[in-house]
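J.:
Numbering (the numbering used here), first residue to last: 66 to 716.
Next comes the structure, spelled out in structure tokens:
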């Protein structure tokens, strides 16, 4: 039984049958009823009222000798079951006075003569029924779109929904979030009652993850019972509890609405009941239960407003905390300055200790060598050779280990004594022709003369070492002064091998228990900051020596990675020390982290500083280490000036 009725009144059964046939397209949503006389129609109106039905369209015949049909049309609004019905008058001949009467009474909507065309009857019925439904149907207009004017009904339904939504949204709402939440949740449970195919209503045990920080979230979670904790992860991967949400709260609302990733991780703290809704289900709910949409928006606004208030409160607390910290910082400023000064002095002392100690040792050794030189007489030619060796050792760079071995093997055949050959190479006298000449000239006194030449060469090396150490101290002071001015050292053309050898000189005393391997290929000069690089080599070599608790091997390798002028130089410092675990390697560049054992100075700033310097030079530093095997620190540096550098190199 449909709520609306089409009532036809005519005593001719053929007319009624024709009306039933022509109005058949409307009978799916409208009941079709007929009466022979107006009196019968009045009786049927009482039945419609009892069945809670309304007459939507009344089609009535009026006889030429009987005006009861017109009377029915005029009085149609007097009965509650036909109030507002649309009316159509059927007549066999024009009855202008009767038509005029009905028009004056305002109760005639259309007049049609017998016989009529089916298309005309259907067009009139569609128009009049559409008008009636628009006026009196308050809910489901979409039900009638298949048989009536669907465009008009669709537009009316949209306009009605918008008006209703605006009225509900703009009407004064509740400010009690809990009350609004209860209404929304009650509406959702009513929707899912007996129809929860998507299993939106769920119960989770404790420690169940609802949302994951920084991951996509496609769901909106209504907490109906229980507690959910929100967690944030800091830069070190440590998770922190930030808040607890209980019944009536939303989880994932911001990411659900905006499409962003989840702001935090939501995890149940207790046995928790939730309503889990995705976008498709949300659209379905709001379409079928449109009254929930403005209520949900109000709920969402209250939720966001609460979050905003919490954010504002947190911001105020942070500002107050920062103000307190500023005051505390002002009070501790002098103490902090002293602490920083102490660290700086300790660091500078650590850097200066090696060259100062080397100068002191070299001075004692130089005094002994000069005493030997002074009391040993030499011929004029021999003294000239000795002075030449002194000057050579004072100015020249040491040979690489491989080159020195090659010369030693060659001279061993010439002298017949490997020790003498090694001494000759060490003092810089490794030309076979020159050695043959001196052997012939001195005869059996060659070995005695060689001992004196070794002292001259030693003086040269000690003078060179002192010069290197003094220059190192000057560079450190310059670096300290530059640091104080917050300026950077000017980049210039730098000989990497010489830069490394100058640093190795500072560690001669510490290298004595160990074997030093220098594997140098020819490499071009690079544009860099030499003093800064010297600090890198100092730290890497010092760390390597600290790691070798027993006599071991320190290997320094220098090579180019390709032949291009814009290629890269690689410097490796390897030791056979205790090595490092993967965990230690992961932390080794962190500030204030040190693996130095007790008794060894270490602030934990060396490798951090090395990494900073190398990155500023446009290079990189990597570590490869195995416990009980050793460690290799590899530095790569560009040959050409990095594009980020703004200063011109010195020539």
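For every residue, glycine included, the Cβ atom is placed at its ideal position computed from N, Cα and C.
1. Select from 610, 292, 417 and 377 the residue whose C-alpha is nearest the C-alpha of residue 536.
2. Taking the beta strand (DSSP E) that residue 109 belongs to, which residues open and close that run?
3. Per DSSP, which one or two residues make a beta bridge with residue 296?
4. Give the DSSP-derived three-state secondary structure of residue 632 in the structure shown.
5. Have a look at 336, 601, 67 and 466 and flag the residue whose alpha-carbon is nearest the alpha-carbon of residue 95.
6. So what's residue 313 in DSSP terms, helix, strand or just coil?
7. With distances taken from CA atoms, which of 608, 638, 610 and 609 is nearest residue 622?
8. How long is the line joining the alpha carbons of residue 243 and residue 313, rounded to whole angstroms?
9. Grouping DSSP H, G and I as helix and E and B as strand, with all else coil, what is residue 619?
10. Determine whether the beta carbon atoms of residue 343 and residue 246 lie at a separation below 8 Å.
11. Taking the alpha helix (DSSP H) that residue 698 belongs to, which residues open and close that run?
12. Buried or exposed: which applies to residue 405, given that a residue is buried once 16 or more other Cβ atoms fall within 10 Å of its Cβ?
13. Can you tell me the Cα-Cα spacing of residue 212 and residue 103, whole angstroms?
14. Could you please give the first and the last residue of the uninterrupted alpha helix (DSSP H) stretch that includes residue 351?
15. Which value, in whole angstroms, describes the spacing of the CA atoms of residue 699 and residue 460?
16. Which residue's Cα is closest to the Cα of residue 125: 689, 119, 259 and 100?
17. Measuring alpha carbon to alpha carbon, tell me which of 590, 608 and 610 ends up nearest residue 632.
18. Just curious, the alpha helix (DSSP H) that residue 97 is in, first and last residue?
19. Along the alpha helix (DSSP H) that carries residue 459, what are the first and last residues, could you check?
20. Select from 559, 133, 458 and 462 the residue whose C-alpha is nearest the C-alpha of residue 518.
21. Using only alpha-carbon positions, find the residue among 156, 135, 71 and 98 that is nearest to residue 191.
22. So residue 593 packs on residue 682, CB below 8 Å; how close in whole Å?
23. Just tell me which of 645, 249 and 302 has its CA closest to the CA of residue 286.
24. Please name the residue in 643, 685 and 674 whose C-alpha comes closest to that of residue 691.
25. In or out: residue 79 buried (at least 16 other Cβ within 10 Å) or exposed?
26. Could you compute how far the alpha carbon of residue 702 sits from the alpha carbon of residue 305?
27. Identify the continuous alpha helix (DSSP H) that holds residue 80 and give its terminal residues.
28. With a CB to CB cut of under 7 Å and the five nearest residues on each side skipped, what residues in its chain are close to residue 524?
29. Excluding five sequence neighbours on each side, which residues of the same chain lie with their C-beta closer than 6 Å to the C-beta of residue 529?
30. What beta strand (DSSP E) runs, 3 residues minimum, are completely inside the region 493-567?
31. Given a cut-off of 8 Å on the beta-carbon distance, is the pair residue 466 and residue 582 in contact?
32. Where do the N-terminal and C-terminal ends of the alpha helix (DSSP H) with residue 184 fall, by residue?
33. DSSP three-state label for residue 144, please.
34. So is residue 620 buried or exposed if we call it buried at 16+ other beta carbons inside 10 Å?
35. Tell me where the beta strand (DSSP E) around residue 286 begins and ends.
36. Closest to residue 448 by CA distance: which of 423, 602, 468 and 521 is it?
T.: Let me lay it out:
1. 417
2. Unbroken run through residue 109 is the alpha helix (DSSP H), 103-115; no beta strand (DSSP E).
3. 306 and 330
4. In the structure shown, residue 632 sits in coil (DSSP, three-state: anything other than H, G, I, E or B).
5. 67
6. coil
7. 638
8. 6 Å
9. If DSSP states are grouped into helix, strand and coil, residue 619 belongs with the strands.
10. no
11. Run containing residue 698: none in the alpha helix (DSSP H); it sits in the beta strand (DSSP E), 695-703.
12. Note that residue 405 has pLDDT 41, beneath the 50 cutoff, so the model's placement of it is unreliable and no number is given.
13. Residue 212 and residue 103 have their C-alpha atoms some 28 Å from each other.
14. 344-353
15. 29 Å
16. 100
17. 590
18. For residue 97, there is no enclosing alpha helix (DSSP H); the enclosing beta strand (DSSP E) covers residues 96-100.
19. In this chain, the alpha helix (DSSP H) harbouring residue 459 covers 445-460.
20. For residue 518, the nearest C-alpha among the options comes from 458.
21. 71
22. 5 Å
23. 249
24. With distances taken between CA atoms, residue 691 lies nearest to 643 out of 643, 685 and 674.
25. exposed
26. 41 Å
27. 78-87
28. Contacts found: 431, 434, 435, 438 and 455.
29. Once the five neighbours on either side are set aside, the close Cβ partners of residue 529 are 459.
30. Qualifying beta strand (DSSP E) stretches, in chain order: 557-559.
31. yes
32. 183-201
33. coil
34. buried
35. 284-290
36. 521
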